Ligand SMILES: [Zn+2]
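Structure (structure tokens):
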């Protein structure tokens, strides 16, 4: 440890703890230099943790270099800002492409990276591949378009699907038949819970088929009533709330980049919730 007693508003114990749990939220707050290897890392580096007595917590890469340390080739602590910008820009390009996302190679080239490296960065920051991100965005748009839609097929094309078959592959996400979803959930009973999470209140709504809606929203369920005016909405019991909390914890454990654009951060978190729910069976 260096002689300072705090860094970036953290005590050295807090900084060490963040490093020990590879917390990405601290990646732009300090670097960790290892005396035995002469290398400095970002807090989230995947490398094995050194012993604490061999570590110096320093303000930034410049401070580490001034003390003779070299940048880790695994976590590339000098490129945090550039990586973040590239991933953020890519989420905007995908959103703008509206259903027909650029191929990985084109997307990576557009933000100045080699495809394989960029794929790894994107996945680390969002928990999704660029293609998976595009698919999730398109499915979310389809759910929005379906609401009150006179024609399911029109809603599918409007959301950016090239063919209805692609949409039906994603339709399990609706938790009910697409036509029923468009009808406001007529005849369906939906249990819902709202739980607190780091990115904000998370609403999780389920039918007997599974999740029918998951969203970060602080409106106390008003959006759910708008989405499913014809359904029977039932506030979740203790077990439902507990399950929702478990999903939220598993999503939070992925530690997506907190510096993502707001809509991308929300999408990444909700998709992690959906993956957690799907892996529950
Ligand atoms: Zn490293």
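In UniProt numbering, the protein residues as written are 1 to 281. The beta-carbon is built from N, C-alpha and C at its ideal position, and this holds for glycine as well. Note that the structure is a prediction, hence the values are computed from the model and not measured.
For this session: Note down the Cα distance separating residue 234 from residue 254, rounded to an integer number of angstroms.
Result: 30 angstroms
Exercise. Do the CB positions of residue 71 and residue 113 come within less than 8 angstroms of each other?
Worked result: no
For this session: May I ask you to report which of helix, strand or coil DSSP gives residue 254?
Result: coil
Exercise. Straight-line CA distance for residue 10 to residue 205?
Worked result: 38 angstroms
For this session: Taking residue 58 and residue 33 to be in contact with their CB atoms under 8 angstroms, please state how far apart those CB atoms are, rounded to whole angstroms.
Result: 6 angstroms
Exercise. Does DSSP put residue 188 in a helix, in a strand, or in coil?
Worked result: coil
For this session: Could you say which of 98, 153 and 180 lies nearest to residue 207 if we only look at CA atoms?
Result: 180
Problem set entry | Close-in-space but distant-in-sequence residues of the same chain around residue 31 (CB under 7 angstroms, 5 per side omitted) | 40, 41, 42, 58, 60, 61, 64 and 77
Exercise. Could you name the residues, in chain order, whose CB is less than 6 angstroms away from a heavy atom belonging to ligand 1?
Worked result: 41, 45, 47, 72, 74 and 75
For this session: Alpha carbon to alpha carbon, how far is residue 75 from residue 273? Give it in angstroms, no decimals.
Result: 26 angstroms
For this session: Using alpha carbons as the reference points, say which of 117, 251 and 135 lies closest to residue 101.
Result: 135
Exercise. Who are residue 235's beta bridge partners in DSSP?
Worked result: 192
For this session: Measure the CB-CB distance between residue 145 and residue 131 and report whether it falls below 8 angstroms.
Result: no
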